[in-house]
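Visitor: Just so we're aligned: the sequence shown equals residues 654 to 992 in the working numbering.
The beta carbon of each residue, even a glycine, is placed where N, CA and C say it ideally should be.
Since the structure is predicted, the reported quantities are computational estimates derived from the model, not experimental observations.
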Amino acid sequence: MTAASRNNAGQPEVLQFDDNSLLPALYGEHDQNLARVERQLGVSVASRGNQLAISGPADAVKSANIALQALYERLQKGLDVDDAEVDAAVRMAQNAPNASAKADAVTAIHADHLAIRTRKRHITPRSPGQASYMEALATRELVFGLGPAGTGKTYLAVARAVSLLMSGEVDRIIVSRPAVEAGERLGFLPGDLREKVDPYLRPLYDALYEMLPAEQVVNRMSNGEIEVAPLAFMRGRTLSNAFVILDEAQNTTPVQMKMFLTRFGENSRMAVTGDLSQVDLPKGQPSGLREAVGILAGMEGVAFIKFTDADVVRHNLVTRIVRAYDARDKANGSQDSET
């Protein structure tokens, strides 16, 4: 447990921790976690034994207080705290609109009901958008994850699929994406079929290897429990007892998207991910993802989770890059921007 004192008349706000054994992990080696919080929020954090004194702008102090308490509670549950978790706690506290929302958001980084467990990972949300997305993946049959690169759309969908496969709730995972951006023109590429499509499916393999030991990925692909295939291979099939993921969906045509969505079989789940600001279809060709968002809005059993640059969980530079491009698009009056 922790106790906090209000910072009155500019006095630092003090956090006190009961379990001293957790403090080395909370503070980080050479207090690097505290330094990370200081840099990101513009506060000063001074450690005094089992107490932390936080000073700075009131809202930033509140965010730091909530983030550090959440990280301490994460350690109490036996979960790790690393740079990414510190960033996640700060991000979620910083982006919430008020103190109550900050506390609710940050508890998601160690919330058991949102956690996805795979053989190699215990995954919790690292942004407000991820928390909403993970909730939707757990409760809805069809989930659209929409937004910029680096927000975890595909990674979390694969994690949920692996979790359900391991628990026996589905019999197989099917992961797909348009094989070539502008129409799957595989015949022009060198090599056999596998050599033609593998470069376009590599990000999906990478996500699978993050969740399962390499030998399990190979074995499960050999016996058909995991299938990674270009979108063209979905035609004519009924996908039952499966978790099906369509990645890079902004590059589907309306016909391809309708074909994919109608593959739904009994006891199946689907996740569709894409970034409508990065459509690579030929000029004048409408995006099947954009059309589906309009047609299926409000349909029971379907969730649309829209990520923003605030949800980018890669390097901080990725967030700045996304924001720079968004600013350019708005300045140019671009119609391709997702928002």
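Nearest CA to the CA of Q938: which residue from T905, A812, T760, H775?
Guide: For the purposes of this step, residue 938 is taken as the residue at position 285 of the sequence shown. It is T905 whose Cα lies nearest to the Cα of Q938.
Visitor: Name the one or two DSSP bridge partners that K959 has.
Guide: In the sequence shown, the residue the question calls residue 959 occupies position 306. Its beta-bridge partners are L799.
Visitor: Return the Cβ separation of T926 and D964 in integer angstroms, given the expectation that the two are a contact with Cβ distance under 8 Å.
Guide: Within the sequence shown, the letter at position 273 stands for residue 926. Within the sequence shown, the letter at position 311 stands for residue 964. The Cβ separation is near 13 Å, so there is no contact.
Visitor: Helix or strand or just coil, what does DSSP make of G927?
Guide: Counting from 1 along the sequence shown, the entry for residue 927 is found at position 274. Correct three-state label for G927: strand.
Visitor: List the DSSP bridge partners of R922.
Guide: For the purposes of this step, residue 922 is taken as residue 269 along the sequence shown, with counting starting at 1. Paired residue(s): F896.
Visitor: State the Cα-Cα distance for the pair D671 and D736, rounded to the nearest angstrom.
Guide: Here residue 671 is taken as the residue at index 18 of the sequence shown, counted from 1. Here residue 736 is taken as the residue at index 83 of the sequence shown, counted from 1. When rounded, the distance between both Cα atoms is 23 Å.
Visitor: Can you give the Cα-Cα distance for D982 and A802, rounded to whole angstroms?
Guide: By 1-based counting over the sequence shown, the position of residue 982 is 329. By 1-based counting over the sequence shown, the position of residue 802 is 149. If I take the Cα positions, the gap works out to 16 Å.
Visitor: Considering just the uninterrupted stretch of the alpha helix (DSSP H) at E726, what are its terminal residues?
Guide: Translated into positions along the sequence shown, residue 726 becomes position 73. Run containing E726: 711-729, per the alpha helix (DSSP H) assignment.
Visitor: Give the DSSP bridge partners of V698, in chain order.
Guide: Within the sequence shown, residue 698 is the residue found at index 45, counting from 1. I707.
Visitor: Does the segment 883-897 come close enough to the segment 910-923 to have 3 or more Cβ pairs within less than 8 Å?
Guide: Judged by Cβ distances under 8 Å, the segment 883-897 makes contact with the segment 910-923, as three or more pairs qualify.
Visitor: Checking 8 Å against the spacing of the C-beta atoms, do Q704 and Q669 come in under that value?
Guide: Position 51 of the sequence shown, counted from the first residue, corresponds to residue 704. Position 16 of the sequence shown, counted from the first residue, corresponds to residue 669. A contact, by the Cβ cut-off of 8 Å.
Visitor: Could you tell me if D740 is buried or exposed, where buried requires 16 or more neighbouring beta carbons within 10 angstroms of its beta carbon?
Guide: The residue labelled residue 740 in the question sits at position 87 within the sequence shown. D740 is buried by the Cβ-count criterion.
Visitor: Could you name the residues of the same chain whose beta carbon sits closer than 6 Å to that of D859, not counting the 5 residues immediately before and after it, in chain order?
Guide: On the sequence shown, residue 859 is found 206 positions in, with the first residue counted as 1. Excluding positions up to five away in sequence, the list is empty.
Visitor: Can you tell me whether M792 is buried or exposed? The criterion is at least 16 other CB atoms within 10 Å of its CB, across all chains shown.
Guide: Translated into the one-based positions of the sequence shown, residue 792 becomes position 139. Position check: residue 792 holds Thr in this sequence, whereas Met was assumed. So T792 ends up on the exposed side.
Visitor: What do you get for E822, buried or exposed, if any count of 16 or more other CB atoms within 10 angstroms of its CB means buried?
Guide: Here residue 822 is taken as the residue at index 169 of the sequence shown, counted from 1. Per the 10 Å Cβ criterion, exposed.
Visitor: Roughly how many angstroms lie between the CA atoms of E878 and L790, to the nearest whole one?
Guide: Here residue 878 refers to the residue found at position 225 of the sequence shown. Here residue 790 refers to the residue found at position 137 of the sequence shown. Distance between the alpha carbons of E878 and L790: 20 Å.
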